[in-house]
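**Student:**
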Amino acid sequence: METKRMGFETKMVHAGVPRDPYGSAVVPIYQTSTFAFENAQNGADRFAGRAEGYIYTRLGNPTVRALERQVAELEEGADAVATSSGMGAVNTVYMTLLGQGAHLVSTASVYGPSRLLVEKHFSRFGVEATYLDTSDVSKVCAAIRPNTRMVYVESPSNPAMLVSDIQALADLAHQRGALLVVDNTFASPYLQKPLTLGADISLHSVTKFLNGHADVVGGIVVARDEALCGRLRALMIATGCNMDPHQAFLVSRGIKTLSLRIERAQRNAMQVARWLEAHPKVAWVRYVGLESHPQHELVKRQMSGFGSMISFELKGGFEAGRRLMDNVRLALLAVSLGGVESLIEHPASMTHAGVPSADRLEAGITEGLVRFSVGIEHVDDLIADLAQALDRI
Ligand code: LCS
5 METKRMGFET KMVHAGVPRD PYGSAVVPIY QTSTFAFENA QNGADRFAGR AEGYIYTRLG
65 NPTVRALERQ VAELEEGADA VATSSGMGAV NTVYMTLLGQ GAHLVSTASV YGPSRLLVEK
125 HFSRFGVEAT YLDTSDVSKV CAAIRPNTRM VYVESPSNPA MLVSDIQALA DLAHQRGALL
185 VVDNTFASPY LQKPLTLGAD ISLHSVTKFL NGHADVVGGI VVARDEALCG RLRALMIATG
245 CNMDPHQAFL VSRGIKTLSL RIERAQRNAM QVARWLEAHP KVAWVRYVGL ESHPQHELVK
305 RQMSGFGSMI SFELKGGFEA GRRLMDNVRL ALLAVSLGGV ESLIEHPASM THAGVPSADR
365 LEAGITEGLV RFSVGIEHVD DLIADLAQAL DRI
């Protein structure tokens, strides 16, 4: 089915599904490590790229390929490379674009491990990095050096909910000979399409909204350009961080309801955010859908909805936040996000604990910040749960 010119929801359901000899409605799980050749010449031809056909699952697999095509269409990119995890996707991008002596500029409040991978590991190979507030384009402009190969932003960022101007940063990066990479995990392609705004690469932890059911860890990288995607795929294959066919099957299945899940979750999130903002025990709420969000106007231009991630802090700081987390009954006290179930966590001691506290504070990740991933439960139950937990503080 040719779905490229069809609507987003049609792509969610039909994009990437190949014709099947039995008429299977969904892509089968090709649970195989290797694929037999027709004859020796055919094997040589497949390796040389002269003949179509799969070779070995690390290099490619029909179930994984279907997911790559599906997400490439949703992101309006040329092609995609699926990876074993979101960090596999981040590493694939870093290793493809960075080398000895290269420099990158990135959002200070990225997911902790995305920053630690650079500062602890890529630094050993002579890669330099500047972490700053990428919502301020002039700061990014001032930080770019002749050896800057990549501007890497997370927007909205995890968990400070900072929003960066993708179009302006793409123009800036390109003028200065760098590529713009966007971690689009928090928005998903349903709410934001970085490649259509000029970014070169959009990547995801598919563990989150794309899969949406808290039962898979996985990643994907989508490129605007076919040749760049080829380089990313070569690196993924070389480092062996391929996605497994069973993972791909589950993610493809999750994607079929992406817009429905996000619509419900973001409707809930707006109500929860407004309720929290009005609560006397809450010090501040950071949700991109609130007028109080510092980049609310940019959000309205750049995203088609506000998503379901909320950060907030109680007036009692960390101690009050800890008691809230210990007393909620419906929301799970767990890391990860973007699933049908609501999750609550404390970034400073959990997801971002590896980032030094001074860097965390500079990135807006205060000690008392609590992150809430709003699910698709009945909103009255979510608010009642928060209310009873806040009553105990
Ligand atoms: N990028 C973002 C924005 C993320 O939030 C995460 C994981 C990753 C990349 C890495 O993906 P993974 O390898 O885990 O699939 N974020 C998590 C979080 O906030 N809580 O637990 C994991």
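Residue numbers (the working numbering): 5 to 397. Glycine residues also receive a C-beta, built at the ideal position from the N, C-alpha and C atoms.
(1) If we call anything under 8 Å between Cβ atoms a contact, is phenylalanine 213 one with isoleucine 266?
(2) Using the C-alpha atoms, what's the distance from alanine 164 back to glycine 368?
(3) When DSSP labels each residue in this structure, what does tyrosine 34 get in the three-state scheme?
(4) Give a single yes or no on whether glutamate 158 has its beta carbon closer than 7 Å to a heavy atom of ligand 1.
(5) With DSSP as the reference, please indicate the residues paired to asparagine 290 in a beta bridge.
(6) Around the Cβ of arginine 6, are there at least 16 other Cβ atoms within 10 angstroms (buried) or fewer (exposed)?
(7) Entirely within the region 188 to 253 and at least 4 residues each: give me those alpha helix (DSSP H) ranges in chain order.
(8) Going by beta-carbon coordinates alone, are valine 225 and alanine 84 separated by less than 8 Å?
(9) Applying the 10 Å Cβ sphere with the 16-neighbour rule, what's the burial state of glutamine 251?
(10) Does the distance from the C-beta atom of valine 131 to that of leucine 102 stay below 8 Å?
(11) Taking just the CA atoms, how far does threonine 61 sit from aspartate 248?
(12) Looking at the strands, I want to know which residues DSSP matches up with valine 155.
(13) Is aspartate 140 near ligand 1, judged by its Cβ being under 7 Å from some heavy atom?
(14) At 4 residues or longer, and completely inside the region 303 to 364: list those alpha helix (DSSP H) runs for me, N to C.
(15) Quick one: residues in its chain with C-beta nearer than 6 Å to the C-beta of glycine 57, no 5 flanking neighbours on either side, listed in chain order?
(16) Any heavy atom of ligand 1 within a distance shorter than 7 Å of the CB on phenylalanine 126?
(17) Closer than 7 Å: is that where the CB of valine 221 sits relative to any heavy atom of ligand 1?
(18) Between glutamine 74 and serine 346, is the Cβ-Cβ spacing less than 8 Å?
(19) Buried or exposed: which applies to glutamate 312, given that a residue is buried once 16 or more other Cβ atoms fall within 10 Å of its Cβ?
(20) State yes or no: is the C-beta of glycine 90 nearer than 7 Å to some heavy atom of ligand 1?
(21) Nearest to serine 206 by CA position, among Leu302, Glu79, Gln171 and Ser88, is which residue?
(22) Looking at the unbroken alpha helix (DSSP H) that takes in leucine 120, where does it start and where does it end?
(23) Taking the CB atoms as reference points, tell me whether tyrosine 194 and phenylalanine 376 lie closer together than 8 Å.
(24) Would leucine 390 pass as a contact of valine 332 if the rule is Cβ separation under 8 Å?
(25) Could you check if serine 209 belongs to the surroundings of ligand 1, using beta carbon to heavy atom distance under 7 Å?
(26) State the start and end residues of the unbroken alpha helix (DSSP H) segment that holds alanine 273.
(27) Where in the region 72 to 112 do unbroken runs of the alpha helix (DSSP H), each at least 4 residues long, occur, reported from the N-terminal end onward?
(28) Could you give the first and the last residue of the continuous beta strand (DSSP E) run that contains leucine 136?
(29) Going by the DSSP bridge assignment, what does valine 68 pair with across the sheet?
(30) Closest to valine 31 by CA distance: which of Arg54, Glu72 and Leu63 is it?
(31) Buried or exposed for glutamate 77, going by 16 or more other Cβ atoms inside 10 Å?
(32) Taking 7 Å as the line, does the beta carbon of valine 339 fall inside it for any heavy atom of ligand 1?
(33) Using CA atoms only, rank isn't needed, just tell me which of Thr138, Lys319 and Val276 is closest to alanine 174.
(34) Let's see if you can read the secondary structure: which residues bound the alpha helix (DSSP H) around valine 374?
(35) Report yes if the C-beta of threonine 355 is less than 7 Å from at least one heavy atom of ligand 2; otherwise report no.
(36) Take aspartate 385 and list the residues in its own chain whose beta-carbon comes closer than 8 Å to its own, dropping the five residues that flank it on each side.
**Tutor:** To lay it out plainly:
(1) Here residue 213 refers to the residue found at position 209 when the sequence shown is read from its first residue. Here residue 266 refers to the residue found at position 262 when the sequence shown is read from its first residue. Contact flag set, yes.
(2) Position 364 of the sequence shown, counted from the first residue, corresponds to residue 368. Position 160 of the sequence shown, counted from the first residue, corresponds to residue 164. The C-alpha of alanine 164 is placed about 6 Å away from the C-alpha of glycine 368.
(3) On the sequence shown, residue 34 is found 30 positions in, with the first residue counted as 1. DSSP places tyrosine 34 outside both helix and strand once states are collapsed to three, so it counts as coil.
(4) Counted from its first residue, the sequence shown places residue 158 at position 154. Checking every heavy atom of ligand 1 against the Cβ of glutamate 158, one is found closer than 7 Å.
(5) Translated into positions along the sequence shown, residue 290 becomes position 286. Asparagine is not the amino acid found at residue 290; the sequence shown has arginine there. In the DSSP output, where bridge partners are listed per residue, arginine 290 has Ser315.
(6) Residue mapping note: residue 6 aligns to position 2 of the sequence shown, counting from 1. Per the sequence shown, residue 6 should be read as glutamate rather than arginine. Burial check for glutamate 6: the Cβ neighbour count within 10 Å stays below 16, so the residue is exposed.
(7) Listed in chain order, they are 192 to 195 and 230 to 243.
(8) For the purposes of this step, residue 225 is identified with residue 221 of the sequence shown, where counting begins at 1. For the purposes of this step, residue 84 is identified with residue 80 of the sequence shown, where counting begins at 1. One thing to note: valine 225 has its Cβ within 8 Å of the Cβ of alanine 84.
(9) Taking the sequence shown and counting its residues from 1, one reaches residue 251 at position 247. Label assigned to glutamine 251: buried.
(10) Start at 1 with the first residue of the sequence shown, and residue 131 comes out as number 127. Start at 1 with the first residue of the sequence shown, and residue 102 comes out as number 98. Taking 8 Å as the Cβ cut-off, valine 131 and leucine 102 qualify as a contacting pair.
(11) Here residue 248 refers to the residue found at position 244 when the sequence shown is read from its first residue. Here residue 61 refers to the residue found at position 57 when the sequence shown is read from its first residue. Cα-Cα distance, rounded: 8 Å.
(12) As a first step, residue 155 must be located in the sequence shown, where it is residue number 151. DSSP lists Val109 and Leu184 as partners of valine 155.
(13) Translated into positions along the sequence shown, residue 140 becomes position 136. No, Cβ of aspartate 140 sits at least 7 Å from all heavy atoms of ligand 1.
(14) For the region 303 to 364, whole alpha helix (DSSP H) runs of length 4 or above, ordered along the chain, are 321 to 331.
(15) Along the sequence shown, one-based indexing puts residue 57 at 53. If we look at glycine 57 and ignore the five residues flanking it on each side, its Cβ neighbours are Arg50.
(16) As a first step, residue 126 must be located in the sequence shown, where it is residue number 122. The answer is no for phenylalanine 126.
(17) The sequence position of residue 221 within the sequence shown is 217, counting from 1. Yes.
(18) By one-based count along the sequence shown, residue 74 stands at place 70. By one-based count along the sequence shown, residue 346 stands at place 342. No, the Cβ-Cβ distance between glutamine 74 and serine 346 is not below 8 Å.
(19) Stepping through the sequence shown from its first residue, residue 312 is reached at position 308. In the sequence under discussion, the amino acid at residue 312 is serine, which differs from the glutamate named in the question. With 16 or more Cβ atoms within 10 Å of its Cβ, serine 312 is classed as buried.
(20) As a first step, residue 90 is located in the sequence shown; it is residue number 86 there, counting from the start. Yes.
(21) By 1-based counting over the sequence shown, the position of residue 206 is 202. Nearest of Leu302, Glu79, Gln171 and Ser88 to serine 206, Cα basis: Glu79.
(22) Counting from 1 along the sequence shown, the entry for residue 120 is found at position 116. Its alpha helix (DSSP H) spans residues 116 to 120.
(23) Reading the sequence shown from its first residue, position 190 is the one you call residue 194. Reading the sequence shown from its first residue, position 372 is the one you call residue 376. Between tyrosine 194 and phenylalanine 376, the C-beta spacing is not below 8 Å.
(24) Working through the sequence shown from its first residue, we reach residue 390 at position 386. Working through the sequence shown from its first residue, we reach residue 332 at position 328. Contact annotation: leucine 390 and valine 332 have beta-carbon atoms nearer than 8 Å.
(25) Mapped onto the sequence shown, residue 209 falls at position 205. It does: the Cβ of serine 209 is within 7 Å (strictly closer) of some heavy atom of ligand 1.
(26) As a working mapping, residue 273 is identified with position 269 in the sequence shown. From DSSP, the alpha helix (DSSP H) with alanine 273 extends over 262 to 282.
(27) Entirely contained in the region 72 to 112, the alpha helix (DSSP H) runs reaching 4 residues are, in chain order, 90 to 101.
(28) Indexing the sequence shown from 1 puts residue 136 at position 132. Following the DSSP letters along the chain, one finds leucine 136 inside the beta strand (DSSP E) bounded by residues 132 to 136.
(29) One-based indexing of the sequence shown puts residue 68 at position 64. As computed with DSSP, valine 68 is found in no beta bridge at all.
(30) As a first step, residue 31 must be located in the sequence shown, where it is residue number 27. Nearest Cα to valine 31 within the set Arg54, Glu72 and Leu63: Glu72.
(31) Working through the sequence shown from its first residue, we reach residue 77 at position 73. By the Cβ-count criterion, glutamate 77 is buried, with 16 or more other Cβ atoms from all chains shown falling within 10 Å of its own Cβ.
(32) Taking the sequence shown and counting its residues from 1, the one referred to as residue 339 is at position 335. In terms of side-chain proximity, the C-beta atom of valine 339 is found nearer than 7 Å to a non-hydrogen atom of ligand 1.
(33) Here residue 174 corresponds to residue number 170 of the sequence shown, with the count starting at 1. Its Cα nearest to that of alanine 174, the residue Thr138 stands out among Thr138, Lys319 and Val276.
(34) On the sequence shown, position 370 is the one that residue 374 refers to. Premise fails: valine 374 lies in the beta strand (DSSP E), 373 to 377, not in any alpha helix (DSSP H).
(35) Absence of ligand 2 is noted for the structure shown, with ligand 1 being the only ligands found.
(36) Working through the sequence shown from its first residue, we reach residue 385 at position 381. So the qualifying residues of the chain are Leu334.
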